[in-house]
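**Student:** Before I ask anything, here is the structure I am working with.
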Ligand SMILES: C[S@@+](CC[C@H](N)C(=O)[O-])C[C@H]1O[C@@H](n2cnc3c(N)ncnc32)[C@H](O)[C@@H]1O
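Residue numbers (full-length UniProt numbering): 1 to 208.
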């Protein structure tokens with residue numbers, strides 16, 4: 001991670017009230033749509049949204065899910081998410097502090113689907129691998145990851161990441177980390193050469 005958790009949290013809290021208006025790129029919107037499409041929760045499913053921010057994904061999934069748990073390190077972003085949920089009367093979503101590598105999920109809570117959009121690229125390669133192992137330990141049916149990721153060569157001149165704060169991985173690295181953690185990659189969507197969505201499903205042991 002190129003900044004501490006506190007620095008990232010403060011950075012996002014500072015821009016929280018303008019965040020939604022600033023997310024106007026075609027690629028961001030495409031990524032949101034694809035993550036929502038592939039998450040596809042049923043009314044019995046509990047969804048965990050990591051790096052939920054102002055709740056773009058969590059609030060889109062809540063009407064179809066049993067419950068959505070949104071986790072983020074930025075209290076300012078979480079506050080925006082709670083305000084939006086209250087404004088539209090969504091009650092089956094809970095927003096609170098939690099990190100990729102320590103999501104702060106109740107042990108008793110069964111997580112069926114994990115999603116994350118445009119957030120994991122703040123972690124280094126090794127930290128992403130640790131986060132993916134933590135996610136696998138929650139034993140979700142699937143993990144849908146939309147993010148900045150490199151399908152080709154990194155290009156710091158592109159607008160999708162800031163080299164001084166962001167640390168995107170290659171698609172190959174993410175695919176290896178997911179498969180090493182016991183997931184099978186069932187879809188790879190390239191939105192842009194630096195933005196994509198990976199769908200990883202867990203293969204249950206034969207006696208499950
Ligand atoms: C670019 S925003 C994306 C928010 C939302 N998922 C979306 O699609 O609009 C990235 C979010 O990741 C959060 N974040 C960064 N590092 C994190 C970490 N280690 N654990 C949890 N959230 C983190 C930030 O606070 C920020 O709210």
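Here a beta-carbon is modelled for each residue, glycine too, at the ideal position from N, C-alpha and C.
Got a sec? Which residues, its chain only, sit under 7 Å from residue 190 by beta carbon, not counting five neighbours each side?
**Tutor:** Against the chain shown, residue 190 aligns to sequence position 190. Excluding residues within five positions, the ones whose Cβ falls inside 7 Å are 151 and 196.
**Student:** So residue 121 is in the beta strand (DSSP E); what residue range does that whole segment cover?
**Tutor:** Along the chain shown, read from residue 1 onward, the residue named residue 121 stands at position 121. Counting along the chain, residue 121 falls outside any beta strand (DSSP E), and DSSP gives it neither H nor E.
**Student:** In three-state terms, what does DSSP make of residue 100?
**Tutor:** In the chain shown, residue 100 corresponds to position 100, counting from 1. DSSP places residue 100 in coil when its eight states are reduced to three.
**Student:** Sort 85, 87 and 111 by Cα distance to residue 138 and report the nearest one.
**Tutor:** In the chain shown, counting from the first residue as 1, residue 138 sits at position 138. If we check each option's Cα against that of residue 138, 111 comes out closest.
**Student:** Rounding to the nearest angstrom, what Cα-Cα distance links residue 115 and residue 48 in this structure?
**Tutor:** The residue you call residue 115 lines up with position 115 of the chain shown. The residue you call residue 48 lines up with position 48 of the chain shown. The straight-line gap from Cα to Cα measures roughly 6 Å.
**Student:** Does the beta-carbon of residue 117 have 16 or more other beta-carbons within 10 angstroms, so that it is buried, or is it exposed?
**Tutor:** For the purposes of this step, residue 117 is taken as the residue at position 117 of the chain shown. It counts as buried.
**Student:** Should residue 15 go down as buried or exposed, given a rule of 16 or more other Cβ atoms within 10 Å for buried?
**Tutor:** Translated into positions along the chain shown, residue 15 becomes position 15. So residue 15 counts as exposed.
**Student:** Answer with buried or exposed for residue 102, where buried requires no fewer than 16 other C-beta atoms within 10 angstroms of its C-beta.
**Tutor:** As a working mapping, residue 102 is identified with position 102 in the chain shown. With fewer than 16 Cβ atoms within 10 Å of its Cβ, residue 102 is classed as exposed.
**Student:** Does at least one heavy atom of ligand 1 sit under 7 Å from the Cβ of residue 196?
**Tutor:** Walking along the chain shown from the start, residue 196 turns up at place 196. No, ligand 1 has no heavy atom inside 7 Å of this Cβ.
**Student:** Sorted by chain position, which residues of the same chain lie with C-beta nearer than 6 Å to residue 184's C-beta, five sequence neighbours on each side aside?
**Tutor:** As a working note, residue 184 is residue 184 in the chain shown. Cβ neighbours of residue 184 beyond the five flanking positions: 201 and 203.
**Student:** Can you find the residues in the same chain that come closer than 8 Å, C-beta to C-beta, to residue 46, ignoring five residues on each side of it along the sequence?
**Tutor:** For the purposes of this step, residue 46 is taken as the residue at position 46 of the chain shown. If we look at residue 46 and ignore the five residues flanking it on each side, its Cβ neighbours are 65, 66, 67, 68, 69, 109, 110, 111, 112 and 113.
**Student:** Nearest to residue 89 by alpha carbon, out of 75, 71 and 62?
**Tutor:** Locating residue 89 in the chain shown gives position 89, counting from the first residue. With distances taken between Cα atoms, residue 89 lies closest to 62.
**Student:** Just checking residue 56 against ligand 1 - is the residue's beta carbon closer than 7 Å to any of the ligand's heavy atoms?
**Tutor:** Taking the chain shown and counting its residues from 1, one reaches residue 56 at position 56. Within the cutoff, so yes.
**Student:** Note down, in chain order, each residue of its chain lying with its Cβ closer than 7 Å to the Cβ of residue 140, except the 5 sequence neighbours on either side.
**Tutor:** Position 140 of the chain shown, counted from the start, is the residue given in the question as residue 140. The answer, listed in chain order, is 111, 112, 113, 114 and 202.
**Student:** Buried or exposed: residue 147, going by 16 or more other Cβ atoms within 10 Å of its Cβ?
**Tutor:** Along the chain shown, read from residue 1 onward, the residue named residue 147 stands at position 147. By the neighbour-count rule (16 or more Cβ atoms within 10 Å), residue 147 is buried.
**Student:** Strictly closer than 5 Å from CB to any heavy atom of ligand 1: give me those residues in the order they appear in the chain.
**Tutor:** 8, 12, 51, 53, 56, 72, 73, 74, 77, 99, 100, 117, 118, 119 and 122
**Student:** Does DSSP put residue 193 in a helix, in a strand, or in coil?
**Tutor:** Walking along the chain shown from the start, residue 193 turns up at place 193. Note: residue 193 maps to coil in three-state DSSP.
**Student:** With a CB to CB cut of under 8 Å and the five nearest residues on each side skipped, what residues in its chain are close to residue 32?
**Tutor:** As a first step, residue 32 is located in the chain shown; it is residue number 32 there, counting from the start. For residue 32, where only same-chain residues beyond five positions count, the Cβ hits under 8 Å are 56, 57, 60, 117 and 146.
**Student:** Looking only at its own chain, which residues have a Cβ that is under 8 Å from the Cβ of residue 182, when we skip the five neighbours before and after it?
**Tutor:** What you label residue 182 is simply residue 182 of the chain shown in a count that begins at 1. The residues are 136, 202 and 203.
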